[in-house]
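Colleague:
Chains as they are written, first to last, in this note's numbering: chain A, 1 to 278; chain B, 1 to 278.
1. Starting from residue 211/B, trace the alpha helix (DSSP H) both ways and give me its first and last residue.
2. With 7 Å set as the bound, which would you pick, yes or no: does the beta-carbon of residue 240/B sit closer than that to a beta-carbon of chain A?
3. Name, in chain order, the residues that DSSP records as bridge partners for residue 116/A.
4. Taking only beta-carbon positions, decide if residue 247/A is within less than 7 Å of chain B.
5. Give the C-beta separation of residue 65/A and residue 25/A to the nearest angstrom, bearing in mind that I take them to be a contact with Cβ-Cβ under 8 Å.
6. Is there a Cβ of chain B sitting closer than 7 Å to that of residue 67/A, yes or no?
7. What span of residues does the alpha helix (DSSP H) with residue 169/B cover, start to end?
8. Opposite residue 9/B in the DSSP bridges: which residues?
9. Taking all protein chains shown into account, do 16 or more other C-beta atoms lie within 10 angstroms of the C-beta of residue 124/B, making it buried, or fewer, making it exposed?
10. Where are the beta strand (DSSP E) runs, 3 residues long or more, that stay fully inside the stretch 25-88 of chain A, in chain order?
11. Straight-line CA distance for residue 73/B to residue 92/A?
12. Between the Cα of residue 29/A and the Cα atoms of 47/A, 166/A, 137/A, 235/A, which residue gives the shortest distance?
13. Does the beta-carbon of residue 2/A have 16 or more other beta-carbons within 10 angstroms, so that it is buried, or is it exposed?
14. Output yes or no for whether 7 Å exceeds the beta carbon distance between residue 205/A and residue 20/A.
15. Any beta-carbon of chain B closer than 7 Å to the one on residue 85/A?
16. Using 8 Å as the cut-off, can you tell me whether the stretch 220-236 of chain B makes contact with the stretch 266-278 of chain B, which would need three or more C-beta pairs spanning the two stretches below that distance?
17. Which stretch, first to last residue, makes up the beta strand (DSSP E) that contains residue 265/A?
18. With burial defined as no fewer than 16 other Cβ atoms inside 10 Å of the residue's Cβ, what is the status of residue 5/B: buried or exposed?
19. Measuring only the C-alpha atoms, how far is residue 233/B from residue 62/A?
20. Report yes or no: is there a C-beta of chain A within less than 7 Å of the C-beta of residue 233/B?
21. Establish whether the CB of residue 183/B and some CB of chain A are separated by less than 7 Å.
22. At 7 Å on the CB atoms, spell out the chain A contacts of residue 89/B, in chain order.
23. Given that residue 180/B touches chain A, what residues does it touch there, using C-beta distances under 7 Å?
24. By alpha-carbon positions, which one of 13/A, 209/A, 251/A, 221/A ends up nearest to residue 239/A?
25. Using a C-beta to C-beta distance shorter than 8 Å, which residues of chain A count as neighbours of residue 62/B?
26. Among the residues of its own chain, which have a CB less than 7 Å from the CB of residue 131/A, if the five just before and after it don't count?
27. Applying the 10 Å Cβ sphere with the 16-neighbour rule, what's the burial state of residue 27/B?
28. So if DSSP puts residue 237/B in a beta bridge, which residue, or which two residues, is it bridged to?
29. According to the Cβ coordinates, are residue 156/A and residue 236/A closer than 7 Å?
30. Taking 7 Å as the limit between beta carbons, can you name the residues of its chain near residue 51/A, skipping five residues before and five after?
31. Closer than 7 Å by beta-carbon distance: list the chain A residues that pair up with residue 24/B, in chain order.
32. Please name the residue, chosen from 59/B, 38/B, 67/B, 184/B, that lies closest to residue 279/B on a Cα-to-Cα basis.
33. Could you list which residues in chain D have their beta carbon closer than 8 Å to that of residue 257/B, in chain order?
34. With respect to the beta strand (DSSP E) encompassing residue 246/B, which residues constitute its N-terminal and C-terminal limits?
35. Anything in chain B within Cβ reach of residue 18/A, meaning under 9 Å, just list it in chain order.
36. Report yes if the C-beta distance between residue 70/A and residue 109/A is below 7 Å; otherwise report no.
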């Protein structure tokens, strides 16, 4: 029996194992995940992360990414994609492996990651981090209200129910704050609830924080590392993107993702190239 | 003619290429880099980083790490070590590769990194990050004043001229602040000046930030990513370690390294296991 996959995200990260080739999977990058001229980096990381979840979690034990690092090598385009995985080390609580995402023999993304079981991640929490203070979703700026030219360059925005804090969207009307901070509420438009793999997408889902520095344009990711800190509960996610240092043509973009229970479920940092002056 | 290597750090990361095996290097982990039973993770990252610098920089162009991620697989011990490198992709401004550090066939560390030329990292700086405010080095707490039992477990501290801000060393006298922040001045004891490879050591050189949370003990690194943001000038470095979230047995440790010109030269984050209650 084949179960129809109803969520766009689950279709986006669907993989088929190549017969006789353990750890080698085929997938498809759908044009609906495009941003700028390529496929969204978070979706690529979730796809590679799914392959490693299948590989490490084959016996059910280490199926959750705990730390995952992706190095982006060339822009991915809509069409077939294959993912080769390699097991590096299997430990008691963590398994480490690599994944390589390619199209027509051209490598797009190389991943190195450690997997475990986020169900173990219970127990003591000592945190000075606090979730962002946001107006309720209905008083935030829906991406559906974004300028048309922005949507047309970012098909994937139609797959997100993204509600940005009005205090951090001045850039959409030509008034960037210069603070280097964009924050808001996130859900998938089709209602698919969050899980660890979806958090890999969410870490790279908001507009680049350089928009808020008055630098519109594409900001290609060099490297993105996501740490998964807890399994998210269903509901809205709160996401904060921030940057403190843009220099020499690069900037860092930190993301924090909080779930509806108020728990910090993911932290990420990426190094990206600053947009070229327009 | 053989040039004597006078700096302990340069000896620590020295490599010899195996005849007939391009990209495969031999080194030696000296007992002087031990901390809590293993070899310091920053020194290991600098050693693997040196191998990739030799590999990528063979033609002189991409010798500087720009982003480097290390996944720690097993505790390294004093003795011989070999490093295998693999080129993943050579681009115009960045080259990406992997390194695998092993002892007796047992892998200690897997690295994925992109290299470039930090001399290109000039130009516009837009930063809201500010260097830490520290008392002058002579009014900070020298590691030479640390409790004897701490030094005996951390041979490498004798190689550092580390002056910690008195405001962040309450833990040394049983009064941790609970803020999750340790900061201070850093130099190598033998006066070897900073460069990009040395910054990989510095990112993991201070005591674990969990000391300041009242959790003494060893905090093994799972993953450490360092972004090199500028080439450091000679002189003192200022280093800040901080953490905001300890949960489920893991914590993140962020490091910022500033050079004497007041420039942010490196940012890093690691995911580490929380020390076991003692």
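For each residue, glycine too, the CB sits at the ideal point set by N, CA and C.
Modeller: So, from the data block:
1. First-last for residue 211/B: undefined, no H or E at that position.
2. no
3. 64/A
4. Residue 247/A counts as touching chain B.
5. Rounded, the Cβ-Cβ distance is 16 Å, inconsistent with contact.
6. For residue 67/A, the answer is yes, since a Cβ of chain B falls inside 7 Å of its Cβ.
7. Following the DSSP letters along the chain, one finds residue 169/B in no alpha helix (DSSP H), marked with neither H nor E.
8. Answer is none; residue 9/B lacks a bridge partner.
9. A residue is called buried once 16 or more other Cβ atoms fall within 10 Å of its Cβ, and residue 124/B, having fewer, is exposed.
10. The stretch 25-88 of chain A contains these whole beta strand (DSSP E) runs: 64-72.
11. The straight-line gap separating the alpha-carbon atoms of residue 73/B and residue 92/A is approximately 11 Å.
12. For the options 47/A, 166/A, 137/A, 235/A, the alpha carbon positioned closest to that of residue 29/A is the one of 47/A.
13. For residue 2/A, the predicted model reports a pLDDT of 48, less than 50, meaning its position is unreliable; a value from the coordinates is still stated below. Classification for residue 2/A: exposed.
14. no
15. Interface with chain B (7 Å Cβ-Cβ cutoff): residue 85/A is excluded.
16. yes
17. 264-273
18. exposed
19. 44 Å
20. no
21. no
22. 73, 107
23. 128
24. 209/A
25. Neighbours of residue 62/B on chain A: none; closest Cβ ~13 Å, over 8 Å.
26. 238, 258, 262
27. buried
28. Beta-bridge partners of residue 237/B (DSSP): 186/B.
29. Between residue 156/A and residue 236/A, the C-beta gap is not smaller than 7 Å, which leaves the two residues out of contact.
30. 15, 25, 83, 85, 99
31. Those within 7 Å of residue 24/B in chain A number zero; the least Cβ separation is about 18 Å.
32. In the structure as shown, chain B starts at 1 and stops at 278, and residue 279/B therefore has no counterpart that could be examined.
33. In the displayed structure, chain D is absent; the protein chains listed are A and B.
34. 245-247
35. Those within 9 Å of residue 18/A in chain B number zero; the least Cβ separation is about 22 Å.
36. yes
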